[in-house]
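> Could you have a look at this structure, given as structure tokens, before my questions?
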Amino acid sequence: METINNKETNPRVSKEFSKGAWTAEEDRKLAEVIAVHGPKRWKTVAAKAGFNRCGKSCRLRWLNYLRPNIKRGNITDQEEDLILRLHKLLGNRWSLIAGRLPGRTDNEIKNYWNSHLSKKINPKQKPGPAPRKGTSIVEKAPQLADSNKANMYHIQAIKDRSTATDGTTTSEGEHSSSKQSTPSFDINGADDDFFDFSNESPLNLEWVSRFLEFDSRHHQS
DNA sequence: AAGTTTATCAACCGCACCGTC
DNA sequence: TGACGGTGCGGTTGATAAACT
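So the first sequence is numbered by numbering that gives the first Met the number 0: it starts at 0 and just counts up by one.
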């Protein structure tokens, strides 16, 4: 039999990678290989581990389960509150939200949102994934409203600038010139009406409160 | 106790971006 | 400069545990 997936584009079809739940043995091998080679070149990692998993699957397993310092379960009230606030701000950018919650993965937060928080927000709404667009403050921002792509640029700019503030790299000019010449809005938010959280520390909850203050002012005006 | 429904979460899928050649 | 491979992201699926009838 084995007619699981016939899509030509799916590498699993031709290579017949195994799927489904990971065994303890697979976890152990994966951890071993990553300890030696590091968490990169996932295709190579998968090959070195010697089991029949694709690199992508290995990456996911590592990031969501095996990685050190992962917290599992028991999302605290504080974390929940932060997720709610961040979701209001960012929408379904789970990886960005996870980035503000040390030890939590995007997958876990996404699952938690879909199973718990989306119901809290919209009790009448049928449970399930949140809508792709239009739910976040970022996406409602006037400068960005006409372009989904622009949202991506904005988020990327935020990421880039966060990286820059960590210490070393870039000047403002590099960001605006090298990667992204297309966006027509002012990404650095010099003009009004836009909460710039990009310089805030990931672990500092204060900026979230400041955002909410900003948010309520924005709605009053 | 057995059958059915609902909730949860690990894993998969497809797409888009980025870096390298 | 375009093709290609690697990577990351968000949406979705499927297995199974828990709750309910």
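Cβ coordinates follow ideal geometry from the N, Cα and C atoms, glycine included. A quick note: this is a predicted structure, and the numbers were derived from the prediction, not measured.
When you compare only the Cα positions, how much space is there between Q155 and R103?
The sequence position of residue 155 within the first sequence is 156, counting from 1. The sequence position of residue 103 within the first sequence is 104, counting from 1. Residue placement at Q155 is poorly supported in this model, since its pLDDT is 40, which falls under 50; the coordinates still yield a value, given next. Each residue's alpha carbon lies about 21 Å from the other.
> Using a Cβ-Cβ cutoff of less than 6 Å, which residues in the same chain neighbour V32 once the five nearest sequence positions on both sides are dropped?
By 1-based counting over the first sequence, the position of residue 32 is 33. V44, K47, A48, listed in sequence order.
> Since I believe Y111 is in contact with L74 (beta carbons under 8 Å), could you give me their beta-carbon distance rounded to a whole number of angstroms?
Position 75 of the first sequence, counting from 1, holds the residue named residue 74. Position 112 of the first sequence, counting from 1, holds the residue named residue 111. Note on identity: in this sequence residue 74 is Ile, with Leu being the wrong assignment. The Cβ separation is near 6 Å, so the contact holds.
> Indicate whether L85 and R71 have their beta-carbon atoms separated by less than 9 Å.
Taking the first residue of the first sequence as position 1, residue 85 is located at position 86. Taking the first residue of the first sequence as position 1, residue 71 is located at position 72. For L85 and R71, no; Cβs fall outside 9 Å.
> Suppose only complete runs of 4+ residues qualify. What are the alpha helix (DSSP H) ranges in the stretch 9-46, listed by chain order?
If we require 4 residues or more, the alpha helix (DSSP H) runs fully inside the stretch 9-46 come out as 10-14, 23-36.
> Pick helix, strand or coil for C53, following the three-state DSSP scheme.
Mapped onto the first sequence, residue 53 falls at position 54. Coil.
> Taking Cβ positions, are P101 and R66 nearer each other than 9 Å?
Here residue 101 is taken as the residue at index 102 of the first sequence, counted from 1. Here residue 66 is taken as the residue at index 67 of the first sequence, counted from 1. Contact flag unset, no.
> Near H115, what residues of its chain come up, given a Cβ to Cβ distance below 7 Å and the 5 sequence neighbours on each side ignored?
To locate residue 115, count along the first sequence from 1; it is residue 116. Closer than 7 Å at the Cβ level, and outside the excluded window around H115, lies no residue.
> Starting from G98, trace the alpha helix (DSSP H) in both directions and tell me its first and last residue.
Indexing the first sequence from 1 puts residue 98 at position 99. Segment 93-98, the alpha helix (DSSP H) holding G98.
> In three-state DSSP terms, what is K70?
Here residue 70 corresponds to residue number 71 of the first sequence, with the count starting at 1. Three-state DSSP puts K70 in coil, outside helix and strand.
> From the DSSP output, in three-state form, read off R103 for me.
Sequence index remark: in the first sequence, residue 103 carries index 104 (1-based). Coil, per DSSP.
> Which same chain residues end up closer than 7 Å to K109 when comparing Cβ atoms and leaving out the 5 residues on each side of it in sequence?
In the first sequence, the residue the question calls residue 109 occupies position 110. Excluding sequence neighbours, K109 sits near W93.
> One question on the structure: do F16 and N63 come within less than 9 Å of each other, judged by their Cβ atoms?
Stepping through the first sequence from its first residue, residue 16 is reached at position 17. Stepping through the first sequence from its first residue, residue 63 is reached at position 64. No.
> To the nearest angstrom, how far is the alpha carbon of H36 from that of K119?
Taking the first residue of the first sequence as position 1, residue 36 is located at position 37. Taking the first residue of the first sequence as position 1, residue 119 is located at position 120. Cα-Cα distance, rounded: 43 Å.
> For E25, is the classification buried or exposed, using 16 other Cβ atoms within 10 angstroms of its Cβ as the cut-off for buried?
Within the first sequence, residue 25 is the residue found at index 26, counting from 1. That one is buried.
> Excluding five sequence neighbours on each side, which residues of the same chain lie with their C-beta closer than 8 Å to the C-beta of S56?
Walking along the first sequence from the start, residue 56 turns up at place 57. Result list for S56: F16, K18, A45, in chain order.
> So, W41 versus R58, is the Cβ gap smaller than 9 Å?
Locating residue 41 in the first sequence gives position 42, counting from the first residue. Locating residue 58 in the first sequence gives position 59, counting from the first residue. Yes, these two residues count as a Cβ contact at 9 Å.
> Note down, in chain order, each residue of its chain lying with its Cβ closer than 7 Å to the Cβ of G54, except the 5 sequence neighbours on either side.
Here residue 54 refers to the residue found at position 55 when the first sequence is read from its first residue. Taken in chain order, the residues that qualify are W41, K42, V44, A45.
> For W61, which residues from the same chain have a beta carbon less than 7 Å from its beta carbon, with the 5 sequence-adjacent residues on both sides left out?
The count along the first sequence starts at 1 and reaches residue 61 at position 62. Result list for W61: L29, I33, P38, in chain order.
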